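Protein chains in written order, with numbering that gives the first Met the number 0: chain A, 0 to 367; chain B, 0 to 367; chain C, 0 to 367; chain D, 0 to 367.
Notes follow once the structure below has been shown.
Number of protein chains: 4
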Amino acid sequence: MAGSSFGRILRVTTWGESHGTALGAVLDGFPAGVRLSPDMIQVYLDRRKPGRTKIATQRSEGDLVEILSGVFEGKTTGTPISMMIRNTSQHSSDYDALRNCYRPGHADYTYDKKYGFRDHRGGGRASARETAARVAAGAAAACFLREMGIEICAYTKSIGPVSVDMAAFDASLIQTTPTCMPDAEADKAAMAYLEKCIQERDSAGGVVECRITGLPAGLGDPVFNKLDALLAQAVMSVGAVKAVEIGAGTEAGRMRGSQNNDPFTAGENGIEKRTNHAGGILGGISDGSPVVLRAHIKPTPSIFREQETVDRDGRPILLTIQGRHDPVIVPRAVVVVECMCALTVMDALLVNMTAQSQNIIRFYKQLY
Amino acid sequence: MAGSSFGRILRVTTWGESHGTALGAVLDGFPAGVRLSPDMIQVYLDRRKPGRTKIATQRSEGDLVEILSGVFEGKTTGTPISMMIRNTSQHSSDYDALRNCYRPGHADYTYDKKYGFRDHRGGGRASARETAARVAAGAAAACFLREMGIEICAYTKSIGPVSVDMAAFDASLIQTTPTCMPDAEADKAAMAYLEKCIQERDSAGGVVECRITGLPAGLGDPVFNKLDALLAQAVMSVGAVKAVEIGAGTEAGRMRGSQNNDPFTAGENGIEKRTNHAGGILGGISDGSPVVLRAHIKPTPSIFREQETVDRDGRPILLTIQGRHDPVIVPRAVVVVECMCALTVMDALLVNMTAQSQNIIRFYKQLY
Amino acid sequence: MAGSSFGRILRVTTWGESHGTALGAVLDGFPAGVRLSPDMIQVYLDRRKPGRTKIATQRSEGDLVEILSGVFEGKTTGTPISMMIRNTSQHSSDYDALRNCYRPGHADYTYDKKYGFRDHRGGGRASARETAARVAAGAAAACFLREMGIEICAYTKSIGPVSVDMAAFDASLIQTTPTCMPDAEADKAAMAYLEKCIQERDSAGGVVECRITGLPAGLGDPVFNKLDALLAQAVMSVGAVKAVEIGAGTEAGRMRGSQNNDPFTAGENGIEKRTNHAGGILGGISDGSPVVLRAHIKPTPSIFREQETVDRDGRPILLTIQGRHDPVIVPRAVVVVECMCALTVMDALLVNMTAQSQNIIRFYKQLY
Amino acid sequence: MAGSSFGRILRVTTWGESHGTALGAVLDGFPAGVRLSPDMIQVYLDRRKPGRTKIATQRSEGDLVEILSGVFEGKTTGTPISMMIRNTSQHSSDYDALRNCYRPGHADYTYDKKYGFRDHRGGGRASARETAARVAAGAAAACFLREMGIEICAYTKSIGPVSVDMAAFDASLIQTTPTCMPDAEADKAAMAYLEKCIQERDSAGGVVECRITGLPAGLGDPVFNKLDALLAQAVMSVGAVKAVEIGAGTEAGRMRGSQNNDPFTAGENGIEKRTNHAGGILGGISDGSPVVLRAHIKPTPSIFREQETVDRDGRPILLTIQGRHDPVIVPRAVVVVECMCALTVMDALLVNMTAQSQNIIRFYKQLY
């Protein structure tokens, strides 16, 4: 209830501060019998890791995951999977000056108001580093979903004013371009823009788009646990995300019904939609089309310009942030969005097994 | 878990289909000692009621709320508040033709895929009528919050291409204009646009904006239950909402850090922010500024034009929808967004009481 | 969270006070496609109904259930099943004298301490009448379980000093004897004992035993949600229950390991246990043997003798309770225990579907 | 949902297998500002540790706790407290012979049925070693409760046929006698009995009693989350517990109402009960008297006698268990019961803060 858990049947609980001993995730409700190894998780963590390029922080965080429980002889046992990532590259002294300072765009002030004090080193629990635990957990979910034929693919859609040309979409670029854009031209332009931001001691925002394919129709629950509602919670809960769109998203508000409605049609594999303004979800339940969502991400709040702010006692101060900070969060958020979607979809898939009595009865008849 | 409940300490469970006997809400965890009467709830339900104007459906739904439990001698008792609204004006036969038909933009197909069959009358549980129960519950929360000095105010920000001029903002118009716009000019233009939609047997979408004022800093929880994440779930769970923005929202993705960061400053009542791009939430926790969010709403899927679609067996059919349908959902969604925000904020406020040990100890010392 | 909900996938929320307008239950997560009618629920409610015999209160509570949602054309739709029972036979004025009085053995004092005031009429939410809503919900679960071949059978095991002779066990008597004892001799003796209690203006306690048969092995979850742990919560949550035993129960504490261990053996239908001291549960998971539990129930606290107590202000008073009260709660609790077990077991069965990845994959392959 | 989490506001999640790398607990919702160190936790873990005496296993488990997050400069931060205990003394090869064998009284068979396979080493997740994580989490709760003036004290009430003489109760003996009995005579007799069990290659069961004092009246929630219901779940979830009693417990079923009712009276500190058959809980809510409960614990299932059982394929085998096993679980369960009660009570205390609107309003007025 206090905020560090997510999911219903598949339930992840994360813990850890940016400059503490370690951070981790406990994944309960994960089915038994799934092949899982630290290597399979590490692939995802490495995509989140900073230090690959000029636009990512120069910290060489090892981010090596250990699996402490729930896996036996290479397979999940059905009991909680505990994963831990040690903090190894923390320069806590970088933050000494921030102990009593409220950085603009950060959670320093709000944590102090909520808890009375805070672990000020590196943002503590409010650090973007917290997302490493989400990625570890989400990677396990993504591996399971892949076995089910469900693929989740996120990428950078835009950075500042530079947007991907969807006609030039090349999925193979997502994991190789520094911006995680699936378009080499846009990547180049975005990098130039970020270079300019760095020179001007400023930062940029952008958009991550995520497509979920192979999803059967029928996932998601009515009313409050609609699939889009839970995806919105999942994605908005990632620090720095300020808007979430599903399908046509904000555009839907400007469309006519005759444009926005997706006609049903008889496809080769049964009923399909001719268009996908709905983004794969109708009435909160997946409709068999790809689920499409976008997360809008604010610019990195840690900028190297002098900023006006106040200290704990409300006294005005001039702040110049030191340390290592990405000029843009977006590329590193790509895998985080992917992993949050994986956790949400896998949970919906498990919950959905209990929707129809005839399926339940058949399920048990086959077992006993 | 199955989707009809929302909240942690304050937990609402709704039930009911569009054309069933009744629909309702059970509100558990509501504190004892709050003055509450059916009249106080009815005010909110009446704002949601159709039939007030040309652009709302001509059904004269009574939507009279009964309080069945949890209130004794005019005050809440701390036990579940059960509220019921009888369905009185249903023309179920309007829907006979839709029994085997999958309407574009509706949840007919996805409910059938999930549950194997469905109550096809009026959309059943997927009907917008479901929101009446949310409003009943949210109204109780709004009444409590008002006693705490917290006000929630939503309004129509745009319909189709017509947007409110925020310089002309007049809150008194929200509950009197047919569009719920706080700007008489914009209201007039929007009504003209809707008139055109009706003539063209089409429908329009739009945007609802909501401002929450008087909120203390410190509400919301880290990581998954961030205040913005739960608001996103709450608002995205309202049927037809396709995007949710907090503060600068999608604009944040195009801003520079130096623009987006809100400088802290020493105000009369303590620490304040000079701007509010954050929308009143930093790190998932309220910062004392107004919380600002926007819901983007798709055009009414029920349009009177002939549409291509398929039936249950995948056979192509031409569909012409009959019955009574609003050309725009937005104005009736205003109070729904307001009520979902009230439930979310009140829950965050209750959860927040347990954040600091010194406050807990003082709380109990004063009682015992 | 506030206490009126139970279950994970199958989640029941109850509401209502003894002397309010009505009471009811909302059952969310119940699978679609189950045949369900008010008649099927009523059978269970009638077993709980007072007024059948001398030892049950003379109130002719109608206890007629209405199904308000979630059932369409005789089958469940998968959406919340809302059930309501109107209060028709309340003599609220019987309770006027108790407004400021704290009855021994009742929750008057504790509700006042928790909530600041209370609905004093008939015990309000703390009344045994609250269990009618549990029975309505549990009846639906029991009907589903019966389709799965799982039977739940509770009966009175003892009243005061009179115990059933298990060698004389006759299941057909459970629903016909006034005590719900499956043994005509014991029933007669218990009735004589109760007669004496009435004459002495006193009351008696007793024990309900419940057997769950047809349960597959594998239901229940490790650690905190062990099947026995959830059954203990479910049964202890019934007012007046002061102890819960599983299998050998309290006797297990006095046994040796060599006596208590149940040897496994190869039976006709696979692996079986030769004895059942475990009560059908090992490590919190069902083992295929019948689940056996016992609930120990205190004597009715409302007795007609003069009792010493205090009023709201702590002033000593002499209390003589008026009205209609059973000299024993046990027979009416039988169906309540049965229904709480049904809710718990059905939930465990639904959760268990997601335990093994190979079953999940096969499940979806068969559907798509 | 999957079973490894407990609590509402204060929520513990445990993980880890007996012979895995480590086991641990994540405690979310713990208030900020509580002084907490590994030493304070270690005191509790040391009470659970085996190897102190002849009747406890000779494994020298280090059981050293590390706090990995949630504590900064000696105080809790309000974010999840992650605690880990490495497994250091595992002799996994002791279990090779048990890979395909179903030990009587153990969960080998049920885990295989649920999950399809299992980590057979030392019982895996079903091992009593799992309780170390409960103790780590519960110790933190107990430390907080002590600051609130609430003390939880458990002790061995009986082992096999030997019971404590409550007239000889000496609390100082609980942590010094090998049996954890508060009575030196009974301790001696119990030790002699256990000696005999060992000689006969057998084991014994017993009873743990727990008293919770200093609890304010008003904790606990109506209906399903009654304080006694949650305590019953908490305690029954401890492996080997087969019955839970509150107050008069099983005795209540044999009492008359006139005996069982506890008269209220005006005490020095306000309203009190003259007796405490209720065990400190009325209607599921604490009444200000000590909460008293008993857990009945079965004899250790691992006995050194030859036992009949079957293997995975249902073939009869003769089993002789090797390794290190206590002849009685009871003394090591004492601190586990204490810690489960601490978690339950602290959670109830936090939830209770939101019961009355006037207290909520005053709380916030004092803060802002």
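For each residue, glycine too, the CB sits at the ideal point set by N, CA and C.
All figures in this text were calculated on a predicted structure; none of them were measured in a lab.
Query raised in the report: How should glycine 73/A be labelled, buried or exposed, when 16 other C-beta atoms within 10 angstroms of its C-beta is the threshold for buried?
Result: exposed
Report task. Determine the DSSP secondary structure at glutamate 16/B, reduced to helix, strand or coil. Result -> coil
Query - As assigned by DSSP and simplified to three states, the class of phenylalanine 223/B - result: helix
Query raised in the report: Where does alanine 354/D land, buried or exposed, given buried means 16+ other C-beta within 10 angstroms?
Result: buried
Requested in this report: Assess, as a yes-or-no matter, whether the region 201-215 of chain A is touched by the region 238-256 of chain B under the definition of 3 or more beta carbon pairs within less than 8 Å.
Outcome: yes
Query raised in the report: Using 9 Å as the limit for Cβ to Cβ distance, is serine 4/B near chain C?
Result: yes
Query - Contacting residues, own chain, Cβ-Cβ under 7 Å from glutamine 321/D (five flanking each side not counted) - result: Asp93
Query raised in the report: Excluding sequence positions up to five away, which residues of its chain have a Cβ less than 7 Å from the Cβ of asparagine 99/C?
Result: Asp310, Arg311
Query raised in the report: Looking at chain A, which residues of the region 23-44 of chain C have a Cβ within less than 8 Å of any of its Cβ atoms?
Result: Gly28, Pro30, Ala31, Gly32, Val33
**Report entry** Within chain C, the residues that arginine 117/B reaches when beta carbons sit closer than 7 Å
**Finding:** Thr76
Requested in this report: Assuming serine 236/A and phenylalanine 223/B form a contact by the criterion Cβ under 8 Å, report the distance between their Cβ atoms to the nearest whole angstrom.
Outcome: 5 Å
Report task. Tell me whether glutamine 321/B sits in a helix, a strand or coil according to DSSP, three-state version. Result -> coil
Query raised in the report: Along the chain, which unbroken stretches of the beta strand (DSSP E) at least 3 residues long are found entirely within the region 154-237 of chain D?
Result: 205-212
**Report entry** Neighbour-count burial assignment, glutamine 357/D, 16 or more Cβ in a 10 Å radius
**Finding:** exposed
Requested in this report: Closer than 6 Å by C-beta to threonine 109/C: which residues in its own chain qualify, once you throw out the five before and the five after it? Chain order, please.
Outcome: none
Query raised in the report: Under 7 Å Cβ-Cβ, which residues of chain D neighbour lysine 241/C?
Result: Glu244, Ile245, Gly246, Ala247, Gly248, Ala251
Query raised in the report: If we count the other Cβ atoms within 10 Å of its Cβ and call it buried at 16 or more, is isoleucine 316/D buried or exposed?
Result: exposed
Query raised in the report: Counting only beta-carbon atoms, is phenylalanine 71/A nearer than 9 Å to chain C?
Result: no
Query - Residues in the region 213-238 of chain C having any Cβ partner in chain A nearer than 7 Å - result: Pro215, Pro221
Query - C-beta neighbour in chain A for isoleucine 270/B, strict 9 Å - result: yes
Report task. Could you check the C-alpha separation between valine 291/D and cysteine 152/C for me, to the nearest Å? Result -> 31 Å
Report task. Could you spell out the range, first to last residue, of the alpha helix (DSSP H) harbouring glutamine 357/C? Result -> 356-366
Query - Cβ distance (whole Å) where glycine 248/B is taken to contact arginine 293/B below 8 Å - result: 6 Å
Query - Limits of the unbroken beta strand (DSSP E) element including lysine 112/C - result: Counting along the chain, lysine 112/C falls outside any beta strand (DSSP E), though it belongs to the alpha helix (DSSP H) covering 107-114.
Requested in this report: Note down, one range per segment and in chain order, each alpha helix (DSSP H) of at least 4 residues found wholly within the region 119-148 of chain B.
Outcome: 130-146
Query raised in the report: Could you give the distance in angstroms between the alpha-carbon of threonine 155/C and the alpha-carbon of proline 181/C?
Result: 7 Å
Query - Distance, isoleucine 84/C Cα to isoleucine 80/B Cα - result: 15 Å
Query raised in the report: Would the region 338-349 of chain A and the region 155-167 of chain A be scored as touching if the rule is three or more Cβ pairs under 8 Å?
Result: no
Query raised in the report: If we ignore side chains and look at the alpha-carbon of each, how far apart do phenylalanine 263/D and arginine 128/C end up?
Result: 24 Å
Report task. Report the option in Asp118/C, Arg361/C, Tyr101/C whose CA atom is closest to the CA atom of glycine 313/C. Result -> Tyr101/C
Report task. Using three-state DSSP, classify glutamate 267/C as helix, strand or coil. Result -> coil
Report task. Give the residues from the region 295-311 of chain A that approach chain B closer than 7 Å (Cβ to any Cβ), ordered along the chain. Result -> His295, Ile296, Lys297, Pro298, Thr299, Pro300, Ile302, Arg304, Gln306, Glu307, Thr308, Val309
**Report entry** Residue from Leu172/A, Asn86/A, Pro221/A, Gly23/A whose Cα sits closest to the Cα of isoleucine 284/A
**Finding:** Pro221/A
Query raised in the report: Could you give the residue range of the beta strand (DSSP E) that holds methionine 339/A?
Result: Methionine 339/A -> not in any beta strand (DSSP E); alpha helix (DSSP H) instead, spanning 329-351.
Report task. Between the Cα of alanine 347/A and those of Glu244/A, Ala233/A, Val335/A, spot the shortest distance and give me the residue it belongs to. Result -> Ala233/A
Query - Residue span of the alpha helix (DSSP H) that contains methionine 39/D, given as start and end - result: 37-47
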